[in-house]
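**Q** For reference, the structure I am asking about is given below.
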Amino acid sequence: MAIPEKPVKPTKYLNRLKWTSFLSCLFVLAIAATSQARNYGSIHLVMGTPSSTPDSTNRDDFLLIKRQYAVSYNSTKGTANWVSWQLNASWIGAVDRCKSFSPDPTLPRGFKVVTPTDYTGSGFSRGHMTRSGDRTVTATDNCATFLMTNIVPQTQENNEGPWLELENLSKDLALSGKELYIIAGPLGVGGTGLKGEKTQIGKNEVTVPSSLWKIVVILDKPGIRMKGITAKTRVIAVNMPNTLGIKASSYKEYLTTVDELEKLTGYDFLSDVPKEVQDAIEAKKDGE
Ligand code: MN
Ligand code: MN
53 MAIPEKPVKP
63 TKYLNRLKWT
73 SFLSCLFVLA
83 IAATSQARNY
93 GSIHLVMGTP
103 SSTPDSTNRD
113 DFLLIKRQYA
123 VSYNSTKGTA
133 NWVSWQLNAS
143 WIGAVDRCKS
153 FSPDPTLPRG
163 FKVVTPTDYT
173 GSGFSRGHMT
183 RSGDRTVTAT
193 DNCATFLMTN
203 IVPQTQENNE
213 GPWLELENLS
223 KDLALSGKEL
233 YIIAGPLGVG
243 GTGLKGEKTQ
253 IGKNEVTVPS
263 SLWKIVVILD
273 KPGIRMKGIT
283 AKTRVIAVNM
293 PNTLGIKASS
303 YKEYLTTVDE
313 LEKLTGYDFL
323 SDVPKEVQDA
333 IEAKKDGE
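Using my numbering, you'd call the opening residue of the sequence shown number 53 and step up by one each time.
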């Protein structure tokens, strides 16, 4: 049955037009607010926030945003779930390494506050997620990487072997003019350090991970951000065992896909990247 159309008066039509534009403006603002909420205005989260909220009841997935990087802190584990940071040449300067590691003073009351001595004599090194060498313009920036919320129990051989090799490659890429978005974290429970296998260390019972993973997204130049990411963007994803005997290994032996890391961690990485692009870059290993 055909419904007879009512003739629309010109004034009514104009009113309707005004309402339509008003409502579409509201819609655009709402979208902007949502995407703002997803990255909390942090440059370190422009590719997406895998989880986490800055709500202190969220003790095992608590978002800490610093000028230098962003962290999802896990109060049960005493380590990050992940740390995310931008890297380009503007973060790299010449300051000396910070003199000491420190407890993170920004954690809410009642949270587990890990201290540097939790790691002393444990057989595991204090492994930086955001590398000290990635924040060397000011002493303040560099010392921020020495806060214990940026540190995980990492074997010396992992830290000074394949992990360092990928850190050096990332820094070289940044110095050559690229812009990198990096996210890294510990995975699983139980690693083998200089004093044998451990599931936790220190008075604060810091969880020792069984591996450490990292995702490095490499864009052509600083400032292009999401506009610079395509199905051809180079992404390096690795998952490295937290064990001994790997110091001479290359990071290339531990290449994996973002898809695989998403399966292992349960996170959706690069979640603000358009879906078709995510599908492409998350499925391939670097070099394939
Ligand atoms: Mn390190
Ligand atoms: Mn994803």
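For every residue, glycine included, the Cβ atom is placed at its ideal position computed from N, Cα and C.
Just so you know, these numbers come straight off a predicted model, no measurement behind them.
Does alanine 84 come out as helix, strand or coil in the three-state DSSP assignment?
**A** For alanine 84, the predicted structure reports a pLDDT of 48, less than 50, and the residue's modelled location is therefore unreliable. A value from the coordinates is still provided. If DSSP states are grouped into helix, strand and coil, alanine 84 belongs with the helices.
**Q** Using a Cβ distance threshold of 8 Å, determine whether the segment 242 to 260 contacts the segment 144 to 153, with at least three qualifying pairs required.
**A** Touching, no.
**Q** DSSP three-state call for leucine 322: helix, strand or coil?
**A** Coil, per DSSP.
**Q** Could you tell me whether any non-hydrogen atom of ligand 1 is closer than 7 Å to the CB of threonine 183?
**A** Checking the sequence, you will find arginine at residue 183 rather than threonine. Within the cutoff, so yes.
**Q** Just to confirm, are threonine 131 and leucine 115 a CB contact at a threshold of 8 Å?
**A** Their beta carbons are not under 8 Å apart, which means threonine 131 does not touch leucine 115 by this criterion.
**Q** If leucine 264 and asparagine 210 are in contact, beta carbons under 8 Å, what's the gap, nearest whole angstrom?
**A** The Cβ separation is near 6 Å, so the contact holds.
**Q** Tell me, to the nearest whole angstrom, how far the beta carbon of valine 268 is from that of isoleucine 234; I am working on the premise that it is less than 8 Å.
**A** Sure, about 5 Å apart at Cβ, within 8 Å.
**Q** Based on Cα-Cα distance, which residue from Thr317, Ile281, Ala332 lies nearest to alanine 236?
**A** Considering only alpha carbons, the answer is Thr317.
**Q** So if DSSP puts leucine 346 in a beta bridge, which residue, or which two residues, is it bridged to?
**A** Past the edges of the chain, shown from 53 to 340, lies residue 346, and the structure says nothing about it.
**Q** Among Asn291, Lys273, Ala332, whose alpha-carbon lies nearest the alpha-carbon of leucine 341?
**A** This structure cannot speak to residue 341, because the chain is shown only from 53 to 340.
**Q** Taking the DSSP output, what are the residues bridged to histidine 180?
**A** Answer is Ile203, bridged to histidine 180.
**Q** Measuring CB atoms only, is the segment 165 to 178 touching the segment 189 to 204, in the sense that at least three cross pairs come out at less than 8 Å?
**A** The segment 165 to 178 is in contact with the segment 189 to 204.
**Q** How far does the beta strand (DSSP E) with isoleucine 234 in it extend, from its first residue to its last?
**A** Here the beta strand (DSSP E) through isoleucine 234 covers 231 to 239.
**Q** Is it the case that the Cβ atoms of serine 302 and glutamate 217 are separated by a distance below 8 Å?
**A** For serine 302 and glutamate 217, yes; Cβs fall inside 8 Å.
**Q** Classify aspartate 193: buried if its beta carbon has 16 or more other beta carbons within 10 angstroms, exposed otherwise.
**A** It counts as buried.
**Q** Whole angstroms are fine: how far does the CA of serine 108 sit from the CA of lysine 304?
**A** Computed Cα separation, rounded: 38 Å.
**Q** Excluding the 5 residues preceding and the 5 following serine 154 in the sequence, name in chain order all residues of the same chain whose CB lies nearer than 8 Å to its CB.
**A** For serine 154, where only same-chain residues beyond five positions count, the Cβ hits under 8 Å are Pro168, Cys195, Phe198, Leu199, Met200.
**Q** Determine the extent of the beta strand (DSSP E) in which glutamate 42 is found, giving its start and end residues.
**A** Only positions 53 to 340 of the chain appear in this structure, which leaves residue 42 out of reach.
**Q** Could you pull the start and end residues of the alpha helix (DSSP H) that alanine 191 belongs to?
**A** 191 to 196 is the span of the alpha helix (DSSP H), which, as asked, contains alanine 191.
**Q** Out of Gly145, Arg277, Ser127, state which residue places its alpha-carbon closest to the alpha-carbon of alanine 191.
**A** When each option's Cα is compared against that of alanine 191, the closest is Gly145.
**Q** May I ask you to list the residues that DSSP assigns as paired with serine 301?
**A** DSSP, once it has assigned bridges, lists no residue as partnering serine 301.
**Q** Rounded to the nearest angstrom, what separates aspartate 170 and serine 222 at their Cα positions?
**A** Straight-line Cα distance between these residues: approximately 29 Å.
**Q** Do isoleucine 288 and aspartate 338 have their C-beta atoms within less than 8 Å of each other?
**A** Yes, Cβ-Cβ distance for isoleucine 288 and aspartate 338 is below 8 Å.
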